[in-house]
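Okay, so here's the structure we're looking at.
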Amino acid sequence: MDFIDLKAQQALIRVHIEDNINRVLDHGKYIMGPEVRELEDLLSDFIGVKHCIGVSSGTDALLVAMMALGIGSGDEVITTPFTFIATGEMIVLLGAKPVFVDIDPKTYNIDPGAIEAAITPKTKAIMPVSLYGQCAEFDAINQIANAHGIPVIEDGAQSFGAEYSGRQSCALSAIGCTSFFPSKPLGGYGDSGACFTDDDELAQAIREIRVHGQDRRYHHPRIGLNARMDTMQAAILLAKMQLFPEEVKSRSAIGQRYTEMILTARDQSGLDASALVPPYIEAYNTSVYAQYTVLVENRNKVLESLKQQGIPTAVHYPVPLHKQPVFTDQMPQLPVATQLSERVMSLPMHPYLQAEEQNTIVDVLINAVCSD
16 MDFIDLKAQQ
26 ALIRVHIEDN
36 INRVLDHGKY
46 IMGPEVRELE
56 DLLSDFIGVK
66 HCIGVSSGTD
76 ALLVAMMALG
86 IGSGDEVITT
96 PFTFIATGEM
106 IVLLGAKPVF
116 VDIDPKTYNI
126 DPGAIEAAIT
136 PKTKAIMPVS
146 LYGQCAEFDA
156 INQIANAHGI
166 PVIEDGAQSF
176 GAEYSGRQSC
186 ALSAIGCTSF
196 FPSKPLGGYG
206 DSGACFTDDD
216 ELAQAIREIR
226 VHGQDRRYHH
236 PRIGLNARMD
246 TMQAAILLAK
256 MQLFPEEVKS
266 RSAIGQRYTE
276 MILTARDQSG
286 LDASALVPPY
296 IEAYNTSVYA
306 QYTVLVENRN
316 KVLESLKQQG
326 IPTAVHYPVP
336 LHKQPVFTDQ
346 MPQLPVATQL
356 SERVMSLPMH
366 PYLQAEEQNT
376 IVDVLINAVC
386 SD
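Start counting the sequence shown at 16; every next residue gets the next number (our numbering).
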């Protein structure tokens, strides 16, 4: 059993992928070739924003977005500690300070109620992460940000394709960023990412920053970096977009099926509700379930039980950022993030996961939790 099955998807579009790759080989424009602009146009239409700017990775998307907003030394960016290191790492690389606030105990996304108290005159952006495939609470976050004149950047690396109150992830703030890392909901066969915005000036800045701050050849009005998208990745993503809308529906259905199976099995086994907690999705949200993540007690024992039965698992994330050695100069007290990091575990999840496989996974999971 695969944790993420990329082979099943490839089998459906192998011919289209090969055709697109051959087209790139024929024209030989391997960096920022015509497929990049074609993909940008397709994705901006899909998300519903004016501008999509393809970049070299989801990590670079965050960096470029903050550079476009002028974030630098001495500035502060409010964000969540319950995420991959890249979110906080890019803030520090610019000389700014990540200010971590606690998370919502139901969705695991940043708690809007904790943001206001963290704002200072040095706050230059708020960067929510749409974790596990569900968007953060953007109406509340944007309301706070607007009241203080602070831009919001969405880290949508895990939520591309998800909706928040009928709007697409990456179309919910000043700049939306995503990743096309292979395991993401829309993944290439290497690193790439994108920034999304409706703001013409920000879009222009992002386009210049990704090519060393260049507005035309050998003319550099700003400091930038090499964050260009490889044409091969764009060509592969163009082929994958043929399947993506249906895969989004499949992910949602599979995630909901997991939850129904777990709740039924939990009730039948007599387990306490707190012993095994499936993901909570707000009624106005959809999730692309980049990970299907549950809460358990005695996680190591449960993980080992699944491993013995040939079921792969993962932990996203065992150490929240505020407890990482590189950030321990801050050490804020964030009890929700700390507690949840000790209980989360992710089950196999991809658009081609079969109901029979899910039955097996849930049966083993329930037995493991019951024997704890």
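No residue lacks a Cβ here, since even glycine has one placed at the ideal position from N, Cα and C.
Everything numeric in this text was worked out from a predicted model, so none of it was measured.
Residues near residue i in its chain [Cβ-Cβ closer than 6 angstroms; skip 5 each side]
i      : result
Glu55  : Cys67 and Gly69
Thr274 : Pro293
Phe211 : Ile62, Val64, Cys67, Cys185 and Gly191
Asp20  : His365 and Tyr367
Asp117 : Asp126, Ala129, Leu349, Val351 and Ala352
DSSP-derived helix/strand/coil call for residue i
i      : result
Lys264 : helix
Val116 : coil
Val396 : This structure does not reach residue 396, given that the chain is present from 16 up to 387, and the question cannot be answered.
Ser145 : coil
Thr94  : strand
Thr274 : helix
Leu362 : strand
Asn300 : strand
Thr246 : helix
Ala151 : coil
Ala140 : strand
Ile125 : strand
Val351 : helix
Leu240 : coil
Leu368 : coil
CB contact below 8 angstroms: residue i versus chain D
i      : result
Tyr332 : As a matter of chain content, chain D is missing from the structure shown, which is built from one protein chain.
Closest residue to residue i among the options (Cα-Cα distance)
i      : options                           : result
Tyr179 : Val311, Cys150 and Ile165         : Cys150
Ile62  : Phe175, His235, Val39 and Ala352  : Phe175
Ile156 : Ala172, Glu131, Ala177 and Leu240 : Glu131
Gly110 : Phe342, Glu371 and Asp90          : Asp90
Asp119 : Ser284, Pro113 and Leu349         : Leu349
Ile125 : Thr102, Ser320, Tyr299 and Ile376 : Thr102
Lys139 : Gly164, Met276, Ser198 and Ile159 : Gly164
Ile46  : Arg29, Ser71, Gly203 and Asn315   : Ser71
Ala357 : Pro347, Lys316 and Leu321         : Here residue 357 turns out to be Glu, not Ala, going by the sequence shown. The shortest Cα separation from Glu357 among Pro347, Lys316 and Leu321 belongs to Lys316.
Asp214 : Leu187, Pro236, Ser198 and Arg237 : Leu187
Ser88  : Asp60, Lys137 and Val30           : Lys137
Leu321 : Asp378, Asp287, Tyr299 and Tyr332 : Asp378
Ala162 : Val144, Ala177 and Ile134         : Ile134
Gly48  : Phe342, Leu336, Thr279 and Met244 : Met244
Gln271 : Gln306, Ala172 and Phe196         : Gln306
Euclidean distance between Cα positions of residue i and residue j
i      : j      : result
Val334 : Pro363 : 21 angstroms
Tyr147 : Ala242 : 25 angstroms
Ile190 : Val92  : 14 angstroms
Gly325 : Leu368 : 15 angstroms
Asn37  : Arg231 : 29 angstroms
Val167 : Ile141 : 5 angstroms
Leu58  : Ala254 : 13 angstroms
Tyr304 : Val226 : 33 angstroms
Pro327 : Gln219 : 43 angstroms
Val79  : Gln229 : 13 angstroms
Met81  : Gln257 : 31 angstroms
Glu262 : Glu371 : 19 angstroms
Val330 : Val359 : 6 angstroms
Phe115 : Gly205 : 30 angstroms
Pro200 : Asp75  : 18 angstroms
Ala209 : Pro260 : 18 angstroms
Glu104 : Gly285 : 43 angstroms
Gly85  : Gln323 : 50 angstroms
Lys44  : Gln339 : 41 angstroms
Val309 : Asn374 : 16 angstroms
Asp344 : Asp170 : 24 angstroms
Met16  : Lys22  : 12 angstroms
Pro236 : Thr95  : 33 angstroms
Tyr299 : Tyr233 : 48 angstroms
Glu216 : Ile381 : 53 angstroms
Ala83  : Ile221 : 6 angstroms
For residue i, the residue or residues it bridges with in DSSP
i      : result
His66  : Thr212
Cys192 : Asp170 and Cys210
Glu178 : Gln183
His234 : Arg231
Val384 : Per DSSP, none; premise fails for Val384.
Leu291 : Val311
7 angstroms CB neighbourhood of residue i in its chain, flanking five on each side removed
i      : result
Tyr123 : Phe97, Leu146, Tyr147 and Leu355
Lys121 : Tyr295
Val107 : Pro113
Spatial neighbours of residue i in its chain, beta-carbon cut-off 8 angstroms, leaving aside the 5 residues before and after
i      : result
Glu50  : Asn35, Arg38, Val39, Thr246, Ala249, Ala250 and Leu253
Ser267 : Thr301, Ser302, Val303 and Tyr304
Ala290 : Arg281, Val311, Glu312, Val384 and Asp387
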